[in-house]
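Chains as they are written, first to last, in my numbering: chain A, 1 to 293; chain B, 1 to 293; chain C, 1 to 375; chain D, 1 to 375. Quick notes on the structure that follows.
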Amino acid sequence: MILINKDTKVIVQGATGKMGSAHTKRMIAYGTKVVGGVTPGKGGTKIEGIPVFDTVKEAFQATGATTSVIFVPPFLALDAGSEALDAGAELIVLITEGIPPQDAAKLVAQVKAKGAKLIGPNCPGVITPGECLIGILPGSIFKSGPVGMVSRSGTLTYEIALALTESGLGQSTCVGVGGDPIKGMGYEEALSLFKDDAKTEVIVLIGEIGGTAEEEAAAYIKANVKKPVVAYIAGQTAPPGKRMGHAGAIISGGKGTAQSKIEAFEKAGIKVAKTPSEVAKFVAEATKQVARA
Amino acid sequence: MILINKDTKVIVQGATGKMGSAHTKRMIAYGTKVVGGVTPGKGGTKIEGIPVFDTVKEAFQATGATTSVIFVPPFLALDAGSEALDAGAELIVLITEGIPPQDAAKLVAQVKAKGAKLIGPNCPGVITPGECLIGILPGSIFKSGPVGMVSRSGTLTYEIALALTESGLGQSTCVGVGGDPIKGMGYEEALSLFKDDAKTEVIVLIGEIGGTAEEEAAAYIKANVKKPVVAYIAGQTAPPGKRMGHAGAIISGGKGTAQSKIEAFEKAGIKVAKTPSEVAKFVAEATKQVARA
Amino acid sequence: MNLYEWEAKKIFQEHGIPVPPSHRITKPEELRKVHLGYPLTLKVQVQSGGRGKAGGIQFAQDLKDGETKAKDLLKMVINGSKTESLLVEPRLKIAREIYLSVTLDRSRGCAIFIASAEGGIEIESSTNVVTMPIPYPYHDYVGRDLAKQIGLTGNLLNKFADLANKLYKLFESKDLELAEINPLIVTDGDEVLALDGKITICDDALGRHKCFAGWQETHMLDLSEREKRSKRAGLNLVELDGNIGILCNGAGLTMATMDLVKAFGGQPGNFLDAGGGSDTEKTLEALEIVHDNPKCDVILVNILGGITACDEVAQALVAFMKRHPERKLVVRLRGNNQDVAEKMLAESGLKLYPELEAAVKQAVEQSKVPAGAKR
Amino acid sequence: MNLYEWEAKKIFQEHGIPVPPSHRITKPEELRKVHLGYPLTLKVQVQSGGRGKAGGIQFAQDLKDGETKAKDLLKMVINGSKTESLLVEPRLKIAREIYLSVTLDRSRGCAIFIASAEGGIEIESSTNVVTMPIPYPYHDYVGRDLAKQIGLTGNLLNKFADLANKLYKLFESKDLELAEINPLIVTDGDEVLALDGKITICDDALGRHKCFAGWQETHMLDLSEREKRSKRAGLNLVELDGNIGILCNGAGLTMATMDLVKAFGGQPGNFLDAGGGSDTEKTLEALEIVHDNPKCDVILVNILGGITACDEVAQALVAFMKRHPERKLVVRLRGNNQDVAEKMLAESGLKLYPELEAAVKQAVEQSKVPAGAKR
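See below:
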């Protein structure tokens, strides 16, 4: 497993908002060690049985947490992320959708300067099944096992996780890096963690049209990752020049097509599945190979 | 000697301006390895026989220098300093006077983040007599020897250096840190270099009214510096509430008096001279003690 | 949101970036009020590239020539984009053309300058192009480094650097996705001017820029009615040529569903991502938008509820089926409150498919049955 | 440059920091036009602290009471500062007072917040004070951290944080040295207001803030004519009580020269730092300013030329002696072009002292000789 485990303590920024409180409840129900919420002006109160603080600094100091998950509105996200970072956060999971990309870029610059980790924005979060869930992923469809997953998509990740789980293939950790063009963790950073993770035997990479992150990941895998990788690319039938839901999912100037990504993977010797169920099939085959090796 | 020596390569930002060109000439005449000037739009020309570049990046790349001395007008100094820093400068000597202190603070923040060194703003510069002069100090009054000097004042430093030189006491390196309240290198940073410098036997610290830098230096010396230190404080007769020339030279709210600084030094066992000639006398005594030890 | 050239230039000017003198006209006869001297340049204002190649830029020798050309130009449609107006400028003597833009770079995760010593080009297919990451916080030396990198010298270096710095400050202060000057020209009198300009404002940031309030409605000229409706409802719709309308939650899942439809021999009629956490009302509006597309014979709904509650979706489906009992509907619904949803829909007689691939196969089959036959 | 309270409050308001309603009056009878209701607070506008203790704040029960008090207040001089006008505000019911300021911290080399849950205090002598370094670039959470640190909670935490963020942005955007709200009050209606405000603008930055153009001339009310003259000439003058006028180049050297004068039994009459690189004209103006001080019997000039050229100084001295042959002058001159200077001055009959201490001793001796005896 990577990034989070059963000992990970989390605070929730925006814990008393509609979305924040709903998912605080779910995370706690899943077993995540949610140790505090942060809502300025509501310090001293409680939500779902956990204490609410006015500032991240205070929350970190009182709880010993160094991980924060953020549910604040888009225009407040840069400030919330900076607050967590300057308070000493080592991992920030930024769920909020619709953050202006220049704000995201400013946050990313600070994260890099401090050597911290940022997942998101506009992401479902991260789960180490059976140990810790941070974000909005539906915990029930995941189970513990040897498959590491990294994905730019939310519900598509659930679809594929479901296919794996129903095929008896559990997951080590599943990272939803988010669908925005400017974001913290990308494929390479997640892959660099999975490749050295003892529990992860096979890696599933879920991509989509837009940008060149998949092509770069293919090159990274070829050069650095010995473990088998199975890829899936959404948007093979997407027309050029149109934004397909995600801010980052657009074929522009002939760049970012599914075809280019699939070719890059195949060239790097990575199997590309055509359907979610085929992902499960390829992973099952890879797992058997690993077992034989 | 500290900071600079005969191998130090320097570029001059603002080399083609009135002050920049005059001091480029003087530095070269002193023997400083001035390897380039920077004036945007004048790249490709020459000044005092050295090449002029459009950008610091280019000048550093072409010459291998990592030290820059800045003579640009006050409102351009933050940009010039940032340019040098981002181009990889390890030492920046910022001569310009009248820089808005918030600009200085922004530059200092960047210098700290990058782990570089900044001397100034509003400073005379630094000299390792006989080897390298960076800034506007009159080289002829310094001579090589065992005395390390650090000072907030320009001409007063010359006065005391003159007294030392005329008493046969040469200097290892002399650092004019400048009279502004917000600046890069302070006493502590200079002292931390002098204390480990083999050539420096005695340290002269020249202070003045305003702030608490001398008090902090006294505490630092007591805790860290084994070498003898002689101090001099200007402004014993300055009235409270008035800025005495330097932006930083003001007694306000009862703080920053010469008396408080002198007491701090004496408490730390540091000799405080009452006149420039007394500095030379105390240094001579200290040198003899060092020789006996 | 893409701005028209005339809007971009107005904003450039407000931020100290020099542009040629100009007039905007919407009728040929307005040319009579333009006193810029001849020859004039007439440029159609459209939200599409390739204007020059399509003949959207013409030169007029005199008023009569201008009026004739303006009449034709105002009727132009380029790549489906209608001409909104004409921008009229004096024809300038150009000594040199340069390319300059600021945008965001995905791989680096930061803003970048793109520049080239050759302007008026298609930057994507050009070779002599410099890209430079922009540091945060910004410093003016960056403009000089850029000027140097594309080989400028002397006065032009400083003028270009100043302009690049202003363009970046505009980009940052107004939350742009793209600020492009192509070409930036040097006139024979050594003036540096933005001859053409393109600005894309980030839609997500519009809420904090009062100066653009209401602009979104006036910049949807090229969208279909259904696309406009979706935008207003916060739905992501892209219409396609097939006959299977697709409604999912989540962009990746919607694309994957489209791909499956195609893989199983069907033709996707649209991409509609209802987003996370859609309630009954939003889902119903989404259904209505897909329903309104006359090309769609079947609607395939694929909801994998993480945040989305299945019972909310089921309620929307029940209401939709009451309104449009004839509409062929294939629904895959899974996740939160799935049991409640199943019960509700069983009562309405709608079969649910828990497996995605089974649902897609069914939708493709249905799409090949002649219209009129009910689910 | 220190602003008056009324100016500071106007700027606060422009930056979204709430202040009480107010009127500024310069004559007692203007109070008739003030319709803020009684009781009123009348506050003298002076550039000096200790206004409250000196009786510069009075409450008026009605118009008659107000006019009587205004008449007295307008004549007030506090610590040598003249009253510029009165600021009239309704007397507010205060539930709580807080202290808040932004300034620069020398030791840390950055901007800091200073705040205290008790306002209306002398912050330098107070105990319950929080200082907090301000990060660059700035983020709004800093205001919340500060609010928390001084113990605020609930709504007040957010209101104070918002105000602190606005105060910092004002501080940064206008290049202030100090922005202080003391006290920041919470009224009995839970409103948060700046009841008193102090702004110091950095003189070095004035050139890039057009909004303050010309303000420096109108804010020198408390300077002597000679101090104003020095400011305009770019010289640093501080007048003292003794009879030896001191003119040097460099602040440290000037102070050291003062100290030596005192140590050798003389009384410094002023501090005049002519700065680095002064030419003939500037040096002459400096000499004239010292000469104009009737208290000064002797002028001691101490120039150690690094940048300053000795011959330029010598030229000024020659011209000065021609104008004022009776003036006692002791000159120590050393550095660049010293030989030329020596020659010039030898011709004028002025003895030069190469050693500082010898020159000081000579000046002190001269200062004890009854006036009228020439050098």
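Cβ coordinates follow ideal geometry from the N, Cα and C atoms, glycine included.
### Query
Mind pulling the chain B residues with CB within less than 7 Å of N79(C)?
Looking up residue 79(C) in the third sequence gives position 79. The contacting residues do not exist; N79(C) stays about 41 Å from chain B at best.
### Assigned secondary structure, E58(A) (DSSP; H/G/I helix, E/B strand, else coil)
Within the first sequence, residue 58(A) is the residue found at index 58, counting from 1. Helix.
### Task
To the nearest angstrom, report how far apart G49(C) and G253(A) are at their CA atoms.
Within the third sequence, numbered from 1, the residue matching residue 49(C) stands at position 49. Within the first sequence, numbered from 1, the residue matching residue 253(A) stands at position 253. Going from the Cα of G49(C) to the Cα of G253(A) covers about 11 Å.
### Task
Report the residue ranges of all beta strand (DSSP E) runs contained in full by the stretch 28-89 of chain D; include only those spanning at least 3 residues, in chain order.
Fully enclosed beta strand (DSSP E) runs of no fewer than 3 residues occupy 40-44, 57-60 of the stretch 28-89 of chain D, in order along the chain.
### Query
Is the beta carbon of G109(C) less than 9 Å from the beta carbon of A217(A)?
Numbered from its first residue, the third sequence carries residue 109(C) at position 109. Numbered from its first residue, the first sequence carries residue 217(A) at position 217. Inclusion of G109(C) and A217(A) in the CB contact set at 9 Å is not warranted, their separation being larger than that value.
#### Entry: At least 3 beta-carbon pairs within less than 8 Å: the stretch 192-207 of chain D vs the stretch 138-151 of chain D
no
#### Entry: N- and C-terminal bounds of the alpha helix (DSSP H) containing L193(C)
Residue numbering aside, residue 193(C) sits at position 193 when the third sequence is read from its first letter. Run containing L193(C): none in the alpha helix (DSSP H); it sits in the beta strand (DSSP E), 192-194.
#### Entry: For D222(D) and S85(D), believed in contact at Cβ under 8 Å, the rounded distance
Within the fourth sequence, numbered from 1, the residue matching residue 85(D) stands at position 85. Within the fourth sequence, numbered from 1, the residue matching residue 222(D) stands at position 222. Rounded to whole angstroms, the Cβ separation of S85(D) and D222(D) is 15 Å, and the two are not in contact under 8 Å.
#### Entry: CA nearest to the CA of G210(A), picked from H246(A), V230(A), G176(A), L193(A)
To locate residue 210(A), count along the first sequence from 1; it is residue 210. The shortest C-alpha separation from G210(A) is found at H246(A).
### Message
Going by C-alpha to C-alpha distance, which of L333(C), D196(C), K53(C), P90(C) sits closest to L3(C)?
### Response
Residue mapping note: residue 3(C) aligns to position 3 of the third sequence, counting from 1. Checking every option, the nearest Cα to that of L3(C) belongs to D196(C).
### Query
Hey, E180(D) and F264(D): beta-carbon distance below 9 Å or not?
Mapped onto the fourth sequence, residue 180(D) falls at position 180. Mapped onto the fourth sequence, residue 264(D) falls at position 264. Result no, Cβ atoms of E180(D) and F264(D) do not sit closer than 9 Å.
### Task
My understanding is that G98(B) touches P74(B), with C-beta atoms under 8 Å, so please give their C-beta distance in whole angstroms.
Numbered from its first residue, the second sequence carries residue 98(B) at position 98. Numbered from its first residue, the second sequence carries residue 74(B) at position 74. Sure, about 4 Å apart at Cβ, within 8 Å.
### Task
Determine the extent of the alpha helix (DSSP H) in which V318(C) is found, giving its start and end residues.
Start at 1 with the first residue of the third sequence, and residue 318(C) comes out as number 318. Its alpha helix (DSSP H) spans residues 310-323.
### Message
Restricting to Cα atoms, I'd like to know which of H23(C), L163(C), D140(C) is closest to E89(C).
### Response
Translated into the one-based positions of the third sequence, residue 89(C) becomes position 89. Closest in C-alpha terms to E89(C), from the list H23(C), L163(C), D140(C), comes H23(C).
### Message
Under 9 Å, Cβ to Cβ, is there at least one residue of chain B near K381(D)?
### Response
Here chain D covers residues 1 to 375 and nothing more, so residue 381(D) does not appear.
#### Entry: Residue ranges of each alpha helix (DSSP H) within the stretch 175-200 of chain B, 4 or longer
187-194
### Message
To be precise: take each residue of the stretch 68-86 of chain B, compare its Cβ to all Cβ atoms of chain C, and keep it if any distance is under 7 Å. Which residues remain?
### Response
D79, S82, E83, D86
### Message
At the level of alpha carbons, what is the spacing between P181(A) and P18(C)?
### Response
For the purposes of this step, residue 181(A) is taken as residue 181 along the first sequence, with counting starting at 1. For the purposes of this step, residue 18(C) is taken as residue 18 along the third sequence, with counting starting at 1. In a straight line, the C-alpha of P181(A) is about 31 Å away from that of P18(C).
### Simplified DSSP assignment, three categories, for M132(C)
On the third sequence, residue 132(C) is found 132 positions in, with the first residue counted as 1. In this structure, M132(C) counts as strand in the three-state DSSP scheme.
#### Entry: Inter-stretch contact (C-beta, 8 Å, three-pair minimum) for the stretch 264-271 of chain A and the stretch 19-35 of chain B
no
### Query
Are the Cβ atoms of S153(A) and G56(C) separated by less than 9 Å?
Here the question's residue 153(A) lines up with position 153 in the first sequence. Here the question's residue 56(C) lines up with position 56 in the third sequence. It is not a contact, given that the beta carbons lie outside the stated cut-off.
### Sheet register partners of G148(A) (DSSP bridge)
Sequence index remark: in the first sequence, residue 148(A) carries index 148 (1-based). Answer is I203(A).
### Task
Report yes if the C-beta distance between I123(D) and S107(D) is below 9 Å; otherwise report no.
If you number the fourth sequence from 1, residue 123(D) lands on position 123. If you number the fourth sequence from 1, residue 107(D) lands on position 107. No, these two residues do not count as a Cβ contact at 9 Å.
### Task
Compute the beta-carbon to beta-carbon distance between E172(C) and Q13(A), rounded to the nearest angstrom, for a pair I have assumed lies under 8 Å.
Sequence index remark: in the third sequence, residue 172(C) carries index 172 (1-based). Sequence index remark: in the first sequence, residue 13(A) carries index 13 (1-based). Wrong, their Cβ atoms sit about 25 Å apart, outside the cutoff.
### Message
Considering just the uninterrupted stretch of the beta strand (DSSP E) at Q13(B), what are its terminal residues?
### Response
Within the second sequence, residue 13(B) is the residue found at index 13, counting from 1. From DSSP, the beta strand (DSSP E) with Q13(B) extends over 9-13.
### Task
Count the C-beta pairs between the stretch 218-227 of chain B and the stretch 186-195 of chain B that are closer than 8 Å, then say yes if the count reaches three, no if not.
The stretch 218-227 of chain B makes contact with the stretch 186-195 of chain B: 3 or more CB pairs, one atom from each, lie closer than 8 Å.
### Task
With a 10 Å radius around its C-beta and 16 neighbouring C-beta atoms as the bar for buried, classify F194(A) as buried or exposed.
For the purposes of this step, residue 194(A) is taken as residue 194 along the first sequence, with counting starting at 1. It counts as buried.
### Message
I'd like the span of the beta strand (DSSP E) that includes I289(C), first residue to last.
### Response
The residue given as residue 289(C) occupies position 289 in the third sequence. Per DSSP, I289(C) belongs to no beta strand (DSSP E); it is in the alpha helix (DSSP H), 280-292.
#### Entry: Per-residue contacts from T153(C) into chain B (C-beta, under 8 Å)
Here residue 153(C) corresponds to residue number 153 of the third sequence, with the count starting at 1. Residues of chain B with a Cβ closer than 8 Å to the Cβ of T153(C) are, in chain order, G41, G43, G44, D54.
### Task
Closer than 7 Å by beta-carbon distance: list the chain D residues that pair up with K57(A), in chain order.
Taking the first sequence and counting its residues from 1, one reaches residue 57(A) at position 57. Contact note: K57(A) reaches chain D through D145, using a C-beta cutoff of 7 Å and chain order.
### Message
Please report the straight-line C-alpha distance between K9(C) and I262(A), rounded to a whole angstrom.
### Response
Stepping through the third sequence from its first residue, residue 9(C) is reached at position 9. Stepping through the first sequence from its first residue, residue 262(A) is reached at position 262. Answer to the nearest angstrom: the Cα atoms are 41 Å apart.
### Beta carbon of D79(A) nearer than 9 Å to that of K148(D)
Along the first sequence, read from residue 1 onward, the residue named residue 79(A) stands at position 79. Along the fourth sequence, read from residue 1 onward, the residue named residue 148(D) stands at position 148. Not a contact, by the Cβ cut-off of 9 Å.
### Task
Might you give, ordered along the chain, the residues of its own chain that have their beta carbon closer than 7 Å to the beta carbon of L205(B), omitting 5 neighbours on each side?
Within the second sequence, numbered from 1, the residue matching residue 205(B) stands at position 205. Correct list, in chain order: V150, Y187, A217, V229, A231.
### Task
Please list, in chain order, all residues of the same chain as A161(D) whose beta carbon is under 6 Å from its beta carbon, the five residues on each side excluded.
Within the fourth sequence, residue 161(D) is the residue found at index 161, counting from 1. G143, R144, A147, listed in sequence order.
### Task
Could you list which residues in chain A have their beta carbon closer than 9 Å to that of V238(C), in chain order?
Numbered from its first residue, the third sequence carries residue 238(C) at position 238. Simply A238, P239, K242, R243, M244, G245.
### Residue-chain proximity (R226(C), chain A), Cβ-Cβ < 9 Å
To locate residue 226(C), count along the third sequence from 1; it is residue 226. Cβ-Cβ to chain A under 9 Å: no for R226(C).
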